[in-house]
Amino acid sequence: MSQPTGAAVSLAEAPPAAQPSNPLAAQRVQPLRRPGRWIATVIVLVVVAQIAHGLATNPFYQWDRFRYWFLRPTVLDGLLVTLEVAALSALLGLIGGVLLALARQSGSPVLRAVSWTYTWLFRSVPLIVVLIFLYNFSALYKTLSLGVPFGPAFVTFDESKLATDMTVAVIGLGLNEAAYAAEVVRGGLLSVDQGQHEAAAALGLPKGYQFTRIVLPQALRSITPNYVNQLIGLVKSTSLVFYVSLLDLFGSVQTMGSTYPGDIVPLLLVATVWYLILTSAVSVVQFYVERYFARGATRTLPPTPLQKARAALTAFRTRLRGEAAV
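FYI, in my numbering the residues of the sequence shown are 6 to 331.
Structure, rendered in structure tokens:
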């Protein structure tokens with residue numbers, strides 16, 4: 006019985022060696038075309054170009070007067086007052102907000118009721134009303150005293166001398182800020198999973214240690230962006246202290262605008278740019294604080310603006326090289 010030999014196999018049955026095993030691998034992948042995105046991009050660029058052209062060419066803005074006023078001592082003095090009021094009010098508001106949030110979480114019904122009432126009251130009353138009320142507080146109480154409740158006073162203060170314009174502004178903004186900060190802190194504490202509390206209690210950790218080392222670091226990831234948003238609002242709210250006779254940045258601009266009516270628009274632009282600088286600085290700090298507390302919560306930390314620029318530049322160079330090779 007004869008055996009088939011390899012020579013008997015037809016050459017036509019052999020697979021062609023020149024054909025690739027995967028034809029799709031040799032084809033270049035084309036990205037999905039999105040005409041709507043390109044149309045929207047063009048429209049936005051045209052609008053932005055028109056706005057920029059109007060800002061640069063409209064003589065009504067008086068950019069020469071803007072440069073004159075931008076670094077004037079009067080404006081810089083008002084800027085320092087704004088920074089001082091914002092910093093002190095933020096500190097007072099944060100301390101008050103933490104205390105109010107802890108009181109709201111307390112087991113005492115009196116502390117919970119007081120905390121809720123304070124938050125309800127100051128979130129309901131406009132800030133300008135609070136400032137004007139405190140500014141005229143001496144009409145209600147001419148003296149303040151420390152001593153036995155409903156008994157003799159040991160120390161007495163003259164309220165009109167104690168409540169300076171700076172004091173009224175800081176206390177008014179701080180009291181108002183504390184009400185909002187309390188809700189931000191309370192929301193951050195409530196965002197921590199209940200299992201974290203149970204696990205810490207199961208390990209027998211003290212209450213203070215549980216709060217400072219387990220609960221608070223996790224809550225800060227939620228507290229930070231919301232509270233920084235409050236800080237930005239606080240920086241802008243400092244413009245209201247002008248109504249209690251404190252010359253901050255906005256007050257200085259308003260005073261100069263009354264003295265030089267022809268420079269009202271450039272003076273308002275000066276105030277606008279300085280507020281943009283201040284809020285942008287707060288936003289930069291917010292980014293790095295959020296990045297710090299993101300450790301352990303994400304696999305990779307969010308890139309910094311410099312890292313994003315380097316990655317975009319590297320991707321652009323790689324794309325150019327790929328197109329040149331093709």
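Don't be surprised by glycine CBs; every beta carbon is placed ideally from N, CA and C.
These numbers come from a predicted model, not from an experiment.
{"Check": "Coarse secondary structure for V160, derived from DSSP in three states", "Outcome": "strand"}
{"Check": "Where A317 falls: helix, strand or coil (DSSP)", "Outcome": "helix"}
{"Check": "Length of the line joining the Cα atoms of L311 and V233", "Outcome": "22 Å"}
{"Check": "Nearest neighbour of N141, chosen from L167, S263, G193 [CA to CA]", "Outcome": "L167"}
{"Check": "Selected residue, minimal CA-CA separation from S185, among A286, P211, T122", "Outcome": "Note that residue 185 is Tyr in the sequence shown here, rather than Ser. That would be T122, whose Cα lies nearest to the Cα of Y185."}
{"Check": "Alpha-carbon to alpha-carbon, G209 and L283", "Outcome": "45 Å"}
{"Check": "8 Å CB neighbourhood of L132 in its chain, flanking five on each side removed", "Outcome": "G177, L178, N181, S242, L245"}
{"Check": "Cβ contact check for the stretch 210-226 and the stretch 255-273: 3 or more pairs under 8 Å", "Outcome": "no"}
{"Check": "Own chain, CB closer than 7 Å to I269, minus 5 neighbours either side, in chain order", "Outcome": "G262"}
{"Check": "For V287 and I237, believed in contact at Cβ under 8 Å, the rounded distance", "Outcome": "6 Å"}
{"Check": "Uninterrupted beta strand (DSSP E) stretches inside the stretch 194-245 (no shorter than 3 residues)", "Outcome": "none"}
{"Check": "Short Cβ contact (9 Å threshold) for G197 with Q235", "Outcome": "For the record, residue 197 in the displayed sequence is Val; it is not Gly. No, they are not a contact pair."}
{"Check": "S285, buried or exposed, once every other Cβ within 10 Å from all chains shown has been counted against 16", "Outcome": "exposed"}
{"Check": "R315 versus L136: straight-line alpha-carbon distance, rounded", "Outcome": "48 Å"}
{"Check": "Unbroken alpha helix (DSSP H) run spanning R42, endpoints", "Outcome": "40-62"}
{"Check": "C-alpha distance - L116 paired with P64, whole-angstrom precision", "Outcome": "59 Å"}
{"Check": "Nearest residue (CA-CA) to L105, options R39, E188, R296, Y297", "Outcome": "E188"}
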